[in-house]
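**Q** The following block contains the structure, expressed as structure tokens.
This is how it looks when you write it as structure tokens:
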């Protein structure tokens, strides 16, 4: 059994990365696809209703899209119709070449893999959209595992399920604290914190700013995912402290201790 001292020296062998906004630059396609979906359900562009719903979409970037539509449209039938329309619109934008990798993202993933780490890509989109993005970028074989909410029992972020599914499916680490999570939204941060990951890194290439990422539990905030391999290497060299124990000793919640790390 790993002792606390051994824990600080163990490598981070599992890295769970968000896609849109973190490893994939989509230039605001989520908002465009939402507008197309909302219009199909009778929400007029430019109306107050459209503005309110779009504000909610922006605030919940990173959450499972079907969960967002359930909140916005109420009954399950309308939510499913909105989600289908959204996925179709987003897929059309992807097929039109409207997405690119975040600069340095592929190189970061390849470096992490070359260091013996297992990298998993996750998304709040449905599987067909995730697959379309991977195909458009030529990333079908980039990582051994990709996950969407349906692959983790149906709950997306801010629940920890996709991170924990990566932990269980890969068997890459014995302790979930030796997992590194990176994403661009507050929901990514909450998901990482709730999973117990030792590194929960926010990146500034997507939806949310440094303050919001930190307030929701980011242990570190990076300019982009390209900086993540060096961060992990530094954390391993320094011996990451047992943040849960540190929080308890200081009388703080674990998330507060993480924010100070």
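Residue numbers (our numbering): 739 to 999.
Cβ atoms here follow ideal geometry from the backbone N, Cα and C, with glycine treated the same way.
(1) Check whether the segment 870-879 and the segment 906-914 are in contact - that is, three or more C-beta pairs closer than 8 Å.
(2) Using a Cβ-Cβ cutoff of less than 8 Å, which residues in the same chain neighbour residue 782 once the five nearest sequence positions on both sides are dropped?
(3) Exposed or buried, what is residue 785 when buried is set at 16 or more other beta-carbons lying within 10 Å of its beta-carbon?
(4) Could you give the uninterrupted runs of the beta strand (DSSP E) lying entirely in the segment 846-883, keeping only those of 3 residues or more?
(5) Between 926, 869 and 933, which has its C-alpha nearest residue 913's C-alpha?
(6) Using the C-alpha atoms, what's the distance from residue 835 back to residue 803?
(7) On the three-state DSSP scale, how would you describe residue 937?
(8) Where does residue 895 sit, in a helix, a strand or coil, going by DSSP?
(9) Going by beta-carbon coordinates alone, are residue 870 and residue 890 separated by less than 8 Å?
(10) Of the choices 957, 750, 895 and 852, whose alpha-carbon is the least far from that of residue 798?
(11) Can you give the Cα-Cα distance for residue 793 and residue 810, rounded to whole angstroms?
(12) Provide the residue(s) that pair with residue 723 in DSSP beta bridges, ordered along the chain.
(13) Mapping DSSP to helix, strand and coil, what is residue 760?
(14) Could you tell me which residues DSSP pairs with residue 960 in its beta bridges?
(15) From residue 755 to residue 780, what distance separates their C-alpha atoms?
(16) Helix, strand or coil: how does DSSP classify residue 831 here?
(17) Would you list the one or two residues that DSSP bridges to residue 839?
(18) Taking the alpha carbon of residue 829 as the reference point, which residue from 857, 767 and 844 has its own alpha carbon closest?
**A** Per the coordinate set shown:
(1) no
(2) 788
(3) exposed
(4) 856-860
(5) 933
(6) 22 Å
(7) strand
(8) strand
(9) no
(10) 895
(11) 11 Å
(12) A query on residue 723 cannot be resolved here, the shown segment of the chain reaching from 739 to 999 and no further.
(13) coil
(14) 941
(15) 35 Å
(16) helix
(17) 762
(18) 767
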